[in-house]
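I have placed the structure first, in the form of structure tokens, so that the comments after it can refer back to it.
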Amino acid sequence: MRFHTCLCLTLVALATSAFGQSSEWRLPPLGPLPSFEAPAVKQFTLPNGLSVYVIERDDVPIAQVDLVVKVGSLNDPQGLEGLTVLMAELLDDGSAGRSASTIATEVRSLGLLFSSSAERDATRIRITTTVSRMEEALHLLSDIALRPDFPEEHVVQQQATHRGYLDRFRQSAVSTGNEQYWRAVYGDTHPYGRSYYGTVQGLRAINRDHVIAHHASAFQPSNAALLITGAVDADAIRLHVSQTFSNGWPTGRVLPTPPIAESAVTPRSVYLIDRPGLVQSFIRVSAEAPPRSSPDYYALDVLNMIFGGATSSRLGVRLNEETGFTYEARSLLNSLRTGGTFVAYANVETSTTASALELFIREIERVTELSQADLETAQNVLALQYTEPFSAVFGINPVLDQTFIHGLPIEHFNRYEDQIRDVTLRDLHRVAKRYLTLDRMSFTVVGDLDSIEDDIRDLAIGPVTILTADDIWGPARG
Amino acid sequence: MKLLWFLLLTALLPASSTAQETGRLDFAYERFQLENGLDVVLHRTTATPFASVFTSYEVGGGDDPEHLTGFAHLFEHLMHKYDEIEDLVEVGGGAVAMTDHDRTLYTMWGAKHALARMLAIDAHRMVNLLDRITPEDFDIERDVVKNERWERYDTRAYGNARLLIDRALFPQGHPYHTPTIGSIRDIDAASYSDVETFYRTFYGPNVATLIVMGDIDLQETRRLIEQFYGPIPPIAPPARASASTLSAYDERGEARIAYEDPLASSPRLYIQWRTVPAFHPAEAPLQAIVDLLDNRETGWLRKRLVDDLGVASGVWASYELRDHASSLQIIATPREGRTLDEVLVAVDSEVSRMKAGPTEQDVTQFVRTNETLWLATLQGAGNRATALERYTRLLGLPGYFETTRLQYRGLMPQDLSDAALTYLTDDRRVVLSLVPAGQTDRAVSGSTFVTSD
Chain A
0 MRFHTCLCLT LVALATSAFG QSSEWRLPPL GPLPSFEAPA VKQFTLPNGL
50 SVYVIERDDV PIAQVDLVVK VGSLNDPQGL EGLTVLMAEL LDDGSAGRSA
100 STIATEVRSL GLLFSSSAER DATRIRITTT VSRMEEALHL LSDIALRPDF
150 PEEHVVQQQA THRGYLDRFR QSAVSTGNEQ YWRAVYGDTH PYGRSYYGTV
200 QGLRAINRDH VIAHHASAFQ PSNAALLITG AVDADAIRLH VSQTFSNGWP
250 TGRVLPTPPI AESAVTPRSV YLIDRPGLVQ SFIRVSAEAP PRSSPDYYAL
300 DVLNMIFGGA TSSRLGVRLN EETGFTYEAR SLLNSLRTGG TFVAYANVET
350 STTASALELF IREIERVTEL SQADLETAQN VLALQYTEPF SAVFGINPVL
400 DQTFIHGLPI EHFNRYEDQI RDVTLRDLHR VAKRYLTLDR MSFTVVGDLD
450 SIEDDIRDLA IGPVTILTAD DIWGPARG
Chain B
0 MKLLWFLLLT ALLPASSTAQ ETGRLDFAYE RFQLENGLDV VLHRTTATPF
50 ASVFTSYEVG GGDDPEHLTG FAHLFEHLMH KYDEIEDLVE VGGGAVAMTD
100 HDRTLYTMWG AKHALARMLA IDAHRMVNLL DRITPEDFDI ERDVVKNERW
150 ERYDTRAYGN ARLLIDRALF PQGHPYHTPT IGSIRDIDAA SYSDVETFYR
200 TFYGPNVATL IVMGDIDLQE TRRLIEQFYG PIPPIAPPAR ASASTLSAYD
250 ERGEARIAYE DPLASSPRLY IQWRTVPAFH PAEAPLQAIV DLLDNRETGW
300 LRKRLVDDLG VASGVWASYE LRDHASSLQI IATPREGRTL DEVLVAVDSE
350 VSRMKAGPTE QDVTQFVRTN ETLWLATLQG AGNRATALER YTRLLGLPGY
400 FETTRLQYRG LMPQDLSDAA LTYLTDDRRV VLSLVPAGQT DRAVSGSTFV
450 TSD
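Going line by line, the protein sequences match chains A and B. Residue numbering for the first sequence follows numbering that gives the first Met the number 0, beginning at 0 and increasing consecutively. Residue numbering for the second sequence follows numbering that gives the first Met the number 0, beginning at 0 and increasing consecutively.
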């Protein structure tokens with residue numbers, strides 16, 4: 000990011016217009032930063048422990064309802080990898096005696112947008128509805144979430160579909176690079192080390208009884224939250240929710256949260272994956288990151304913004320603007336329930352692979368070269384960017400549900416800016432040394448090894464391992 | 000043409016629409032035109048302290064100079080070469096741009112206190128860009144664009160499908176025949192001297208539509224726009240393809256083509272029909288057809304091809320809106336052991352069912368679901384601005400939202416049947432078989448193999 004010393008800088012540029020006239024161009028000064036109030040959250044808990052969050056927003060007559068449970072692929076039992084996502088996608092395939100097609104017709108007749116999905120940390124069922132059909136939508140949601148039937152033939156069919164997805168990921172160079180950057184940090188045994196779709200072997204081992212048992216332990220009211228945002232009245236919602244979500248939850252025990260994940264990074268390890276003839280190399284540089292609930296999170300969030308969080312951050316300037324090596328170079332902080340990853344990435348033209356890797360390394364080495372201006376600008380950026388999703392109903396629940404999933408006080412939702420402003424330069428130096436040193440990084444490159452391997456080895460970054468698809472994804476048809 | 004479609008649409012509206020349970024869908028806006036021809040729409044929303052500036056120019060990939068495919072898009076990248084644009088990140092904002100065949104849309108957003116700055120930058124690059132671009136900038140950006148082409152098309156399995164289909168669906172000379180991303184050869188051939196000619200030909204206030212929305216003061220915004228854009232002189236209107244010159248390209252017979260994809264490990268079938276220009280009366284029924292064929296709950300294609308017959312492992316339908324000729328596309332992946340010919344027969348039988356007509360319940364379900372989706376979509380600033388831009392640029396009617404809604408609510412099964420019978424015909428389509436390298440026998444029968452550019 001090209002940080003200027005003062006945001007209120009007035010820039011005067013003299014320019015000759017395309018029409019031959021000399022025109023003085025005065026860039027208008029910026030006024031004071033605008034303030035932002037996150038919308039008020041009305042929060043209550045049902046006697047059974049279900050947390051309910053309501054945000055009233057009435058610009059368009061719709062509402063979005065999310066039922067979130069704190070069970071993700073993180074909680075897949077060993078040997079049944081892929082169980083959580085499979086369970087999530089089967090929820091509306093039959094419930095409370097109604098067939099999948101009856102439910103589908105009901106969803107369509109009510110004009111609802113429906114989805115159910117799971118990722119590493121959580122499972123989500125989402126309904127978007129016009130507010131006039133809210134009551135019916137809540138009834139349908141509770142049937143689907145709490146009383147699914149998981150018909151045998153659908154379980155079998157869905158397993159085949161997910162194995163098909165894994166086959167496709169395995170063939171894709173991009174997916175393979177992304178899988179390996181997680182695997183480089185968490186190894187083969189931890190759930191964070193692999194796709195949340197699991198493994199071919201895990202999927203094969205799953206039967207309907209596993210799905211039913213997993214659902215029963217996932218859908219416990221004390222482990223779930225209902226988030227409703229839109230043109231609704233919180234009091235009316237409270238009544239509807241009490242009627243639909245007080246009873247009928249499955250009998251089961253809440254799954255324990257696994258302990259904080261241990262990083263499995265081999266310092267400076269280089270993993271090469273051969274894709275003969277590929278015209279670009281896909282570079283992924285990854286390291287362990289702290290959980291979202293860690294006190295280090297906000298400092299690392301700021302540091303990531305300076306390093307590669309925006310296209311005009313340091314990485315983008317080096318690899319895109321100054322050299323044209325790539326269309327886009329960025330870094331991401333994926334902070335999860337019990338761990339996370341930091342990843343810097345770019346897809347670069349094959350002949351520039353080694354030069355691009357050198358630029359990644361140089362930027363990592365100088366990550367602690369930080370000024371007060373770097374800090375303040377990144378704080379402004381993050382504080383303002385945070386407000387952006389609030390322009391639409393569909394942007395709000397995904398921000399709000401993070402407080403629930405990570406067990407954070409509500410201040411982390413409506414006082415995000417304060418958390419970011421509290422970060423100091425000293426904090427940045429601390430987290431840089433703790434998380435973003437070269438010794439904590441691993442380097443994954445997918446590309447045409449005939450063209451790039453020798454140059455990469457010449458860089459002498461660290462131990463080089465050549466991986467096959469089987470190493471990363473397991474045997475194809477296990 | 001603008002007026003014609005509007006009259007047709009109005010004529011098609013039902014005399015009394017269904018109950019408007021959610022009231023009229025009106026987004027208040029202010030529209031005015033500067034003396035130099037700049038068309039401006041202001042729209043105030045206050046949910047967040049942001050403002051956005053959307054400027055579209057009537058130039059796209061369809062206007063690429065001969066033998067310089069991709070130039071309009073490469074040029075779009077140069078409009079970004081302002082340090083001041085990067086600085087928008089500091090106000091929580093940013094800038095993106097996109098070039099399609101019809102137009103180029105530039106977007107800037109940021110905290111509302113940066114609005115004057117955004118407008119100043121946008122006006123500056125409308126007239127003074129050449130002062131900012133050096134030959135070195137151009138060379139770097141050309142490498143960036145080549146990387147974009149590789150990243151988005153050439154390094155992905157099935158990545159070239161879209162380019163191959165456009166080439167077959169639209170004949171040489173049609174603005175949609177060549178890809179907006181361009182060929183690597185043409186991108187390499189472009190030079191700094193082409194930039195000036197292109198800029199002077201296609202960039203000016205009278206060929207632009209400016210949408211400003213967000214937490215803005217309407218009066219002050221208008222004053223700023225007059226100050227920054229007002230002095231910019233108009234350009235001579237550039238020659239562009241018009242509806243009348245393009246109608247000759249309709250109905251040219253079915254094309255069956257095939258391509259050996261070095262990155263694909265299994266075959267895939269693409270069927271794409273040329274349909275109608277934007278805002279044509281058949282647009283709504285065609286979009287309804289896409290939804291009935293492929294929606295998450297009751298999509299006909301998945302039910303028939305995947306669940307009942309088991310000939311496909313996946314199938315998708317979509318509709319691509321373009322100014323002169325939109326298109327309807329179906330993509331299917333055969334299940335192991337099944338052929339693309341079998342998949343094609345199964346798709347055709349579902350399309351025939353559509354021609355026979357969906358049920359009233361099918362259409363009612365579409366109308367309700369579509370309205371929920373549309374309302375949800377319109378909340379996002381970018382989506383609403385895109386709608387305002389299309390309504391303004393193509394119809395001259397920024398407040399067309401409610402009319403659109405009523406038009407969809409008035410759909411009848413017969414409308415879908417008529418649209419399918421008229422537009423989903425063999426002579427309006429391309430059938431593309433994408434097969435793994437060396438597996439030419441897996442293409443649909445009667446296909447001619449083609450190469451990428």
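Beta carbons: idealized from backbone N, C-alpha and C, even for Gly.
query: Between SER22(A) and chain B, is there a C-beta pair that is closer than 9 Å?
result: In this predicted model, SER22(A) has a pLDDT of only 49, less than 50, meaning its place in the structure is not dependable; the value taken from the coordinates is given anyway. Cβ-Cβ to chain B under 9 Å: yes for SER22(A).
query: Residues in its own chain within less than 7 Å of PRO257(A) by CB, not counting five upstream and five downstream?
result: LEU73 and THR337
- request: Just confirm the distance between the C-beta atoms of ASP273(A) and ILE465(A), as a whole number of angstroms; I'd bet it's less than 8 Å.
  value: 7 Å
field: Proximal residues of chain A, C-beta to C-beta of PHE110(B) below 8 Å
entry: Rather than Phe, the amino acid found at residue 110(B) in this sequence is Ala. Correct list: LEU32, PRO33 and LEU383.
message: Taking the alpha carbon of PHE53(B) as the reference point, which residue from ARG102(B), LYS80(B) and THR68(B) has its own alpha carbon closest?
response: ARG102(B)
field: CA nearest to the CA of PHE35(A), picked from THR200(B), GLY91(B), LEU73(B) and GLY252(B)
entry: GLY91(B)
- prompt: Can you give the Cα-Cα distance for GLU349(B) and ARG303(B), rounded to whole angstroms?
  reply: 8 Å
- request: Whole angstroms is fine: what's the gap from GLN413(B)'s alpha carbon to ARG352(B)'s?
  value: 13 Å
field: Residues sharing a beta bridge with PHE281(A), DSSP
entry: ASN346(A) and VAL445(A)
query: Does the beta carbon of LEU165(A) come closer than 9 Å to any beta carbon on chain B?
result: no
message: Looking at HIS153(A): is its Cβ nearer than 9 Å to the Cβ of ALA99(A)?
response: yes
Three-way DSSP call (helix, strand, coil) for TRP4(B) in this model: Its pLDDT being 38, under 50, TRP4(B) is placed unreliably by the model, and the measurement read from it follows with that caveat. Three-state DSSP puts TRP4(B) in a helix.
- request: Run the CB neighbour count on LEU238(A), radius 10 Å, all protein chains shown included, and call it buried at 16 or more, exposed below.
  value: exposed
field: When GLU259(B), GLU341(B) and THR297(B) are compared against VAL310(B), the one with the closest alpha-carbon
entry: GLU341(B)
message: For ALA263(A), tell me which candidate among PRO397(A), ALA103(A) and THR188(A) has the shortest Cα-Cα distance.
response: THR188(A)
Contacts that ILE139(B) makes with chain A (C-beta to C-beta distance below 9 Å): ASN319, GLU320, GLU321, THR322 and GLY323
Local Cβ density within 10 Å of SER66(B), reported as buried at 16 or more and exposed below that: First, the residue type needs correcting, since residue 66(B) is His and not Ser in the sequence shown. With fewer than 16 Cβ atoms within 10 Å of its Cβ, HIS66(B) is classed as exposed.
query: Is the CB-CB distance between THR44(B) and GLU75(B) below 9 Å?
result: no
- request: Could you say which of ALA110(B), LEU327(B) and ILE224(B) lies nearest to GLU34(B) if we only look at CA atoms?
  value: ILE224(B)
task: Starting from the beta carbon of LEU297(B), find every residue of chain A whose beta carbon is closer than 9 Å, and list them in chain order.
output: Note on identity: in this sequence residue 297(B) is Thr, with Leu being the wrong assignment. In chain order: SER100, ALA103, THR104, VAL106 and ARG107.
- prompt: What residues from the stretch 165-185 of chain A come within 7 Å of chain B, judged by C-beta to C-beta, listed N to C?
  reply: GLN170, SER171 and ALA172
message: Suppose the cutoff is 7 Å on Cβ atoms and the five residues either side in sequence are ignored; what does the same chain contact list for ILE471(A) look like?
response: THR175, GLU178, GLN179 and ARG182
query: ALA475(A): buried (16+ other C-beta within 10 angstroms of its C-beta) or exposed?
result: exposed
field: Coarse secondary structure for ARG239(B), derived from DSSP in three states
entry: coil
- request: Check whether the Cβ of PRO134(B) lies closer than 9 Å to any Cβ atom in chain A.
  value: no
message: Is there a Cβ of chain A sitting closer than 9 Å to that of GLU20(B), yes or no?
response: Confidence at GLU20(B) is low in this model, with a pLDDT of 46, below 50, so the placement of that residue is unreliable and no value is reported for it.
query: Exposed or buried, what is PHE448(B) when buried is set at 16 or more other beta-carbons lying within 10 Å of its beta-carbon?
result: exposed
message: Just checking: is the beta-carbon of SER94(A) within a distance shorter than 9 Å of some beta-carbon in chain B?
response: no
- prompt: Mind checking ALA189(B): buried by the 16 CB within 10 Å criterion, or exposed?
  reply: buried
- request: Could you pull the start and end residues of the alpha helix (DSSP H) that GLN158(A) belongs to?
  value: 151-170
task: Work out the CA separation of TYR81(B) and ARG131(B) for me, nearest whole Å.
output: 7 Å
task: Give a yes or no on whether the C-beta atoms belonging to PHE365(B) and ASP290(B) are separated by under 9 Å.
output: yes
query: Counting contacts by CB-CB distance shorter than 9 Å, is ARG123(A) in contact with chain B?
result: no
query: Taking the runs of the alpha helix (DSSP H) that are 4 residues or longer, which of them lie wholly in the stretch 247-317 of chain B?
result: 282-292
message: Under 9 Å, Cβ to Cβ, is there at least one residue of chain B near GLU135(A)?
response: no
Residue range of the alpha helix (DSSP H) that includes ALA27(B): Careful: ALA27(B) lies outside any alpha helix (DSSP H) and carries neither H nor E.
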